[in-house]
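Scroll down for the structure; my scribbles are underneath it.
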Amino acid sequence: MATIAVLNQKGGVGKTTTVINTAAYFAKKGKRVLVVDSDPQGNATSGIGLDKRQLAHTLYDALVDPSTVSSNMVVPSAVERLDVLPANEMLAAAEVDLVQILEREKQLRRVLASTQYDITLIDCPPSLGLLTINALTAADYVVIPVQAEYYALEGLGQLLDIVQRVRGGLNPNLELLGVVITMHDKRTMLSSQVKHELEKHFGDKLFKTMVPRNIRLAEAPSFGVSIFEHDKWSKGARAYKMVAEELMRRLQ
Ligand SMILES: Nc1ncnc2c1ncn2[C@@H]1O[C@H](COP(=O)(O)OP(=O)(O)O)[C@@H](O)[C@H]1O
Ligand SMILES: [Mg+2]
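For the sequence shown, our numbering begins at 1 and goes up steadily by one.
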């Protein structure tokens with residue numbers, strides 16, 4: 001049983017894509033998997049095929065009152081063994097509403113304590129606010145997707161600082177599992193420069209697998225399916241299979 005927060009305070013770096021596709025792969029391999037959508041944009045929720053406007057309960061309800069968490073909050077997806085704790089724009093209010101709650105950073109940990117999955121993946125919002133702190137407090141591991149672009153390293157210092165602070169107080173067991181390069185284009189100098197820089201900073205923590213830029217990956221969420229249903233022979237599918245397998249090895 002492992003809980004992994006997929007985190008980068010930048011938007012559009014591939015967090016949600018990484019969560020959906022690795023979760024789908026693990027579920028296909030027989031693991032019981034929970035995706036926690038901790039982004040008010042609800043992209044993981046819709047990308048897995050749920051209708052954001054048709055949710056009886058969301059992560060918001062669970063966070064505001066963890067005692068209400070019951071099996072009916074977790075929604076099964078079309079993929080066997082893959083469940084979702086969904087979110088929609090209501091979750092944005094949690095940043096405010098949680099402020100009045102004692103030990104507000106531990107709400108998600110309380111919520112997840114009553115669930116039973118082999119792997120829980122938390123899709124974080126593009127910020128370092130209370131939702132992200134909750135994710136880091138509930139997680140055993142952090143995975144950081146980094147887009148192969150010029151400003152890739154900007155903000156990573158601040159991110160690692162937050163991880164370090166949570167480790168120093170709320171969650172001493174938190175561990176950086178690794179950094180994954182996304183939207184890599186092997187034809188460009190820039191992509192190899194970014195890889196080089198990340199290797200310098202992260203050494204072994206940098207995943208060997210890089211996710212290439214692949215249009216099939218961008219298309220899949222509009223059909224509410226993972227890359228393995230959308231085009232299992234695509235480069236994107238191959239890459240996320242390898243990311244998931246590398247992730248599994250790193251967990252062991
Ligand atoms: N490897 C990739 N190749 C092409 N498009 C991608 C890839 N990874 C993500 N995308 C697309 O880029 C956008 C941002 O990705 P997303 O996973 O939503 O990032 P985040 O969750 O960090 O905001 C989405 O439209 C997504 O479909
Ligand atoms: Mg996202």
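Don't be surprised by glycine CBs; every beta carbon is placed ideally from N, CA and C.
Within its chain, find whatever has a CB closer than 6 Å to the CB of residue i; leave out the 5 residues flanking it on each side and keep chain order.
i	result
L251	A2
E89	P40
E199	L206
T18	V6 and P145
Can you tell me where the beta strand (DSSP E) holding residue i begins and where it ends?
i	result
I20	Segment K15 to K28 is the alpha helix (DSSP H) holding I20; no beta strand (DSSP E) there.
Y141	Y141 to Q147
L159	Note, L159: premise wrong, no beta strand (DSSP E); alpha helix (DSSP H) at L156 to G168.
V35	V33 to D37
Which same chain residues end up closer than 7 Å to residue i when comparing Cβ atoms and leaving out the 5 residues on each side of it in sequence?
i	result
Y25	F228, Y240, K241 and A244
F223	H230
L176	V142, V163 and K205
Could you check what DSSP says for residue i in three-state terms: helix, strand or coil?
i	result
T182	strand
P66	helix
I4	strand
I48	coil
L136	helix
L176	strand
Check each candidate in the options and name the one with the smallest Cα separation from residue i.
i	options	result
E197	M183, E154 and L174	E154
V271	L131, Q158, L121 and M210	With the chain running from 1 to 252 in the structure shown, residue 271 is simply not present.
E149	G129, I181 and L131	I181
A93	N214, N21 and A62	A62
V64	Q54, A138 and L108	L108
Q147	Q158, V111 and V211	V211
Residue i lies in the alpha helix (DSSP H); which residues open and close that run?
i	result
L198	M189 to F202
D97	A94 to D97
Quiz prompt | Any 3 or more C-beta pairs closer than 8 Å across the region 3-22 and the region 125-140 | solution = Per the Cβ contact rule, the region 3-22 is in contact with the region 125-140 (3 or more Cβ pairs under 8 Å).
Exercise. Mind the definition here: the region 184-192 touches the region 158-166 only if three or more C-beta pairs lie below 8 Å; say whether that holds.
Key: Cβ pair count under 8 Å is below three, so no.
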